[in-house]
Amino acid sequence: MRHGRPENYLTAYNPRGRDALIWGVRVVDAGFEAFPPGKHYPAMKHHPAPYLYAWEKGRIFSEYQFLAITRGRGILETATCPHLDIRAGDVFILFPGEWHRFRPDPKTGWDENFVGFDGDYARHLMQSFFTPDSPIVHGAATPETVKLIRKIALVAKDTSPETAPLVFADMITLITQLILFTRVHASGERRAIRQKINTAREHILEHAFQHINFRALAKSLGLSYTVFRRTFQKETGYAPLAYQLEIRISRARVLLEQTDLSVSEIAQHTGFANIFYFSKMFSKRTGKNPLACRRAVVARKTARAN
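Numbering (the working numbering), first residue to last: 20 to 325.
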């Protein structure tokens, strides 16, 4: 870990800790630095070798990076996006495994605030809401975003087992803030599609235990089935049929745990054609067959009673 003059720059590099596995997020590096016009980029003195690179070669990270630019302008190039202009107020994202290079315009320089992160939960959030073909969130470098990145950097440079959870919590908050920002500031077209997907979700919830013709549902929303399925999965994390099955299985689990209905009756109540298909889907999604699930509930109740 290295850090320097807080008024000009601060960087913190942290090794993987045990708590990061528990929280599902870890902060790899964090900091901020001002680059006035003409200053060499990147800084050579206070970054370890993996974070330095020659412009001609670019580099690849194994973690995600957020960079919030508060002054100046520059460019970003990635394997997916050949050339993108960066301006003050932008947050741009570097994706793990994605070749990239970026730098400020020598005429203006820029002020950057950055945080690198990884972890199972962090990756789940990022993969659900961000894609390499749209790495810039225009206008997202708000005072709140910058303040949070700097807070993470300041705490991360002196992190300990006692303070590590605070860094993890702030990192999750930062990801969440950017997700919400993209939703609030989405284009009119994107908001319209999102509303259609919400309508579809409501329809599936209302008719979860009945047969649903998803192609007809897509047509009623003015979407092709291909676009509907792809967008629905991007917004919810599930394909439409899988979303319906999750609702059915969740309801079946409640009935198994809280009623005396037979497995056959529960299959019928939750819309499955027969007990065999119900048992197969239930086992696939929970890791237990319905009878095993019920026996486990009975065992827990008996243990509490004794």
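The C-beta atom is built at its ideal place from N, Cα and C for all residues, glycine as well.
Beta-carbon gap between residue i and residue j smaller than 8 Å
i, j, result
"residue 55", "residue 93", "no"
"residue 86", "residue 133", "yes"
"residue 190", "residue 46", "yes"
"residue 157", "residue 104", "no"
"residue 114", "residue 201", "no"
"residue 80", "residue 172", "no"
"residue 159", "residue 199", "no"
"residue 44", "residue 141", "yes"
"residue 312", "residue 275", "yes"
"residue 185", "residue 174", "yes"
"residue 41", "residue 111", "no"
Among the options, the one whose alpha carbon lies nearest that of residue i
i, options, result
"residue 96", "153, 195 and 133", "153"
"residue 211", "176, 104, 250 and 199", "250"
"residue 150", "100, 162, 242 and 78", "100"
"residue 304", "220, 268, 313 and 275", "268"
"residue 126", "273, 43 and 60", "60"
"residue 49", "199, 116, 324 and 165", "165"
"residue 224", "62, 72, 319 and 261", "261"
"residue 227", "271, 139 and 282", "271"
"residue 209", "230, 232, 72 and 246", "246"
"residue 129", "180, 57, 82 and 40", "57"
"residue 300", "320, 266 and 321", "266"
"residue 252", "229, 278 and 213", "213"
"residue 277", "242, 320 and 306", "320"
Neighbourhood of residue i by C-beta, 6 Å cutoff - its chain only, sequence neighbours within 5 removed
i, result
"residue 244", "234 and 237"
"residue 291", "297"
"residue 254", "216"
"residue 145", "83"
"residue 116", "none"
Contacting residues, own chain, Cβ-Cβ under 7 Å from residue i (five flanking each side not counted)
i, result
"residue 326", "The displayed coordinates of the chain run from 20 to 325. Any statement about residue 326 would go beyond what the structure contains."
"residue 107", "88, 89, 90, 91 and 92"
"residue 77", "118, 119 and 120"
"residue 256", "147"
"residue 204", "158"
"residue 169", "51 and 132"
"residue 310", "282"
"residue 102", "94 and 96"
"residue 231", "223 and 263"
"residue 98", "117 and 118"
Buried versus exposed call for residue i [16 or more other C-beta atoms within 10 Å across all chains shown]
i, result
"residue 188", "exposed"
"residue 119", "buried"
"residue 295", "exposed"
"residue 289", "buried"
"residue 216", "buried"
"residue 176", "buried"
"residue 84", "buried"
"residue 194", "buried"
"residue 263", "buried"
"residue 314", "exposed"
"residue 74", "exposed"
"residue 138", "buried"
"residue 131", "buried"
"residue 282", "buried"
"residue 259", "buried"
"residue 82", "buried"
"residue 306", "exposed"
Proximal residues to residue i (C-beta, below 8 Å), its chain only, five neighbours per side dropped
i, result
"residue 293", "286"
"residue 218", "240"
"residue 248", "233, 237, 258 and 259"
"residue 163", "196"
"residue 143", "43"
"residue 192", "167"
"residue 72", "61, 78 and 120"
Can you check the region 155 to 189 for any alpha helix (DSSP H) of at least 4 residues that lies completely inside it and give the ranges in chain order?
If we require 4 residues or more, the alpha helix (DSSP H) runs fully inside the region 155 to 189 come out as 162 to 175.
Contained alpha helix (DSSP H) runs [length at least 4] in the region 211 to 259, N- to C-terminal order:
Segments of the alpha helix (DSSP H) lying fully in the region 211 to 259: 233 to 239 and 244 to 255.
Taking only runs of the beta strand (DSSP E) that begin and end inside the region 70 to 127, which ones reach a length of at least 3 residues, in chain order?
For the region 70 to 127, whole beta strand (DSSP E) runs of length 3 or above, ordered along the chain, are 83 to 97, 103 to 106, 110 to 113 and 119 to 123.
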